[in-house]
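Data first, discussion second: the structure below is written as structure tokens.
In the numbering used here, the protein residues as written are 991 to 1373.
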């Protein structure tokens, strides 16, 4: 509104009052605009100062973690950042290239022990029946299949994390499904729909250039239904099922997988437990992140584990945490799978975990360990 500039002597008393009132309104509006501007400036200044203080505080905390006296804290923090695609650069603020390379190099240590299949005693079909007439009974590990469907779902809680464990009594119900021929990856829900599975967990590594991969290309040795989908680069951490339902873990080449008659398997790692021996924590250093793992008990039951992470209710878990959880649940062999925003567990039409992806939606993946319905397990065992 323009300022009014009139000669009041030329106006009648009523017109003068009207003009004076109009001028007062103008002054009030200008005063309100100045007041709003002051408030906005103060809020902006407060937010800017708070952001600077938080930034400086964050940098100070990062400096303490990375340059402080605790090598364990330094490595855990650095690993957490390295495993988080968006923040891989953070440790480089205070650490030299040589220091970050030395931390990363600890992840390349291999477990030399060879897998011993004789330690697993597979159940008979009689032992894995849905209902033997005696009602729900605890198994050798104290778990009870309340609804008699051959599957037990356990909530997992630890210091700083929560998660879910699916125990599949009959290992012949577990297989690898893949998004082969799809042109893009599939979510677990889509994967289950494709194969008629009742549930499962995400699987192995995949090409993800710049963190924007579509999840359609598995990375490393990958075998699906006895067919080699990707021959891999040889010797990487691998987990796979043979024709009898025994879950092999180790650092396998394609020839190793052929020799042991693997019919379904993916690559990731590290190996968490082999032949009942938990991998030394020094050989599996890691950060705190969402995690997925698979294992097998001595009685053949398959353990599928997913831990939430990067969220208020659950920060995440380390590889050592996974190994301990698996060992506590009787795993004689176990291997870490792809984690982060790929971690997901789906069963009976719903996701059990809370995805850490930016939009909270389960990410598309190239492959997954899936669970067949009970009535198809025996048929699969005979094919």
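Idealized CB from N, CA, C, for every residue including glycine.
CB-CB under 7 angstroms to residue i, same chain, minus the five flanking residues each way: which ones, in chain order?
{"i": "residue 1046", "result": "Model confidence at residue 1046 stands at a pLDDT of 48, short of 50, so the residue's coordinates are unreliable; what they give is reported in the following sentence. Here the set comprises nothing."}
{"i": "residue 1136", "result": "1126"}
{"i": "residue 1362", "result": "1163, 1165, 1187, 1370"}
{"i": "residue 1110", "result": "1236, 1286, 1288, 1290, 1322"}
{"i": "residue 1170", "result": "1214, 1219"}
{"i": "residue 1173", "result": "1206"}
{"i": "residue 1305", "result": "1150, 1151, 1278, 1299"}
{"i": "residue 1337", "result": "1143, 1156, 1188, 1189"}
{"i": "residue 1088", "result": "none"}
What residue from the options has the CA that sits closest to residue i's CA?
{"i": "residue 1217", "options": "1252, 1234, 1223", "result": "1252"}
{"i": "residue 1360", "options": "1168, 1175, 1324, 1221", "result": "1168"}
{"i": "residue 1353", "options": "1363, 1365, 1329, 1337", "result": "1329"}
{"i": "residue 1191", "options": "1004, 1355, 1087", "result": "1355"}
{"i": "residue 1365", "options": "1138, 1107, 1108", "result": "1138"}
{"i": "residue 1286", "options": "1171, 1105, 1346, 1088", "result": "1105"}
{"i": "residue 1163", "options": "1309, 1333, 1237", "result": "1237"}
{"i": "residue 1250", "options": "1332, 1260, 1239", "result": "1239"}
{"i": "residue 1166", "options": "1145, 1132, 1214, 1131", "result": "1214"}
{"i": "residue 1231", "options": "1107, 1197, 1086", "result": "1107"}
{"i": "residue 1178", "options": "1008, 1004, 1345", "result": "1345"}
{"i": "residue 1325", "options": "1009, 1255, 1342, 1146", "result": "1255"}
{"i": "residue 1262", "options": "1304, 1133, 1312, 1020", "result": "1312"}
{"i": "residue 1279", "options": "1266, 1221, 1113, 1347", "result": "1347"}
{"i": "residue 1284", "options": "1193, 1265, 1332", "result": "1193"}
{"i": "residue 1175", "options": "1157, 1156, 1195, 1189", "result": "1195"}
{"i": "residue 1112", "options": "1257, 1234, 1241", "result": "1234"}
{"i": "residue 1258", "options": "1270, 1088, 1013, 1332", "result": "1332"}
{"i": "residue 1303", "options": "1006, 1007, 1343, 1338", "result": "1343"}
{"i": "residue 1282", "options": "1008, 1310, 1014", "result": "1310"}
{"i": "residue 1339", "options": "1226, 1189, 1350, 1305", "result": "1189"}
{"i": "residue 1260", "options": "1008, 1088, 1102", "result": "1102"}
{"i": "residue 1327", "options": "1265, 1337, 1226, 1350", "result": "1226"}
For residue i, does the count of other Cβ atoms within 10 angstroms reach 16, so buried, or fall short, so exposed?
{"i": "residue 1017", "result": "exposed"}
{"i": "residue 1053", "result": "Confidence in residue 1053 is poor, its pLDDT being 49 and thus under 50, which makes the residue's placement too unreliable to answer from."}
{"i": "residue 1186", "result": "exposed"}
{"i": "residue 1002", "result": "exposed"}
{"i": "residue 1358", "result": "buried"}
{"i": "residue 1159", "result": "buried"}
{"i": "residue 1228", "result": "buried"}
{"i": "residue 1130", "result": "exposed"}
{"i": "residue 1267", "result": "exposed"}
{"i": "residue 1010", "result": "exposed"}
{"i": "residue 1086", "result": "exposed"}
{"i": "residue 1211", "result": "buried"}
{"i": "residue 1146", "result": "buried"}
{"i": "residue 1083", "result": "exposed"}
{"i": "residue 1013", "result": "exposed"}
{"i": "residue 1307", "result": "buried"}
{"i": "residue 1269", "result": "buried"}
{"i": "residue 1004", "result": "exposed"}
{"i": "residue 1350", "result": "exposed"}
Residues in its own chain within less than 6 angstroms of residue i by CB, not counting five upstream and five downstream?
{"i": "residue 1023", "result": "none"}
{"i": "residue 1128", "result": "1134"}
{"i": "residue 1142", "result": "1133, 1135, 1157"}
{"i": "residue 1144", "result": "1155"}
{"i": "residue 1161", "result": "1235, 1290, 1292"}
{"i": "residue 1100", "result": "1241"}
Which residues in the same chain as residue i place their Cβ atom closer than 8 angstroms to its Cβ, once the five residues preceding and following it in sequence are excluded?
{"i": "residue 1341", "result": "1178, 1179, 1334, 1335, 1352"}
{"i": "residue 1221", "result": "1211, 1244"}
I'd like to know if residue i contacts chain B, where contact means its C-beta is closer than 8 angstroms to some C-beta of that chain.
{"i": "residue 1249", "result": "Protein chains in the displayed structure number just one, and chain B is not present."}
Legend entry - beta strand (DSSP E) segments (min. 3 residues) lying fully within the region 1234-1268: Within the region 1234-1268, the complete beta strand (DSSP E) runs of at least 3 residues fall at 1237-1242, 1252-1257, 1261-1264.
Legend entry - Start-end ranges of the alpha helix (DSSP H) lying completely within the region 1180-1224, minimum 4 residues: Within the region 1180-1224, no complete alpha helix (DSSP H) run reaches 4 residues.
Legend entry - Inter-stretch contact (C-beta, 8 angstroms, three-pair minimum) for the region 1205-1213 and the region 1287-1304: The region 1205-1213 vs the region 1287-1304: no contact.
Inset, instruction - Please confirm if the region 1270-1282 is in contact with the region 1235-1250, defined as three or more CB-CB distances below 8 angstroms between the two stretches. - result: Short answer: they don't touch.
Inset, instruction - Specify whether the region 1308-1321 and the region 1174-1193 touch according to this definition: at least 3 beta carbon pairs, one from each stretch, less than 8 angstroms apart. - result: In short, these stretches do not touch, since the Cβ pair count stays below three.
Inset, instruction - Please determine if the region 1142-1153 and the region 1295-1312 are in contact, where contact requires at least 3 C-beta pairs separated by less than 8 angstroms. - result: Yes: the two stretches touch, three or more of their Cβ pairs being nearer than 8 angstroms.
Legend entry - beta strand (DSSP E) runs wholly inside the region 1292-1329, at least 3 long, in chain order: Whole beta strand (DSSP E) segments, 3+ residues: 1292-1297, 1321-1326.
Inset, instruction - Kindly provide the ranges of any alpha helix (DSSP H) runs that are 4 or more residues long and lie completely inside the region 1135-1181, ordered along the chain. - result: Taken in chain order, the complete alpha helix (DSSP H) segments of 4 or more residues contained in the region 1135-1181 number zero; there are none.
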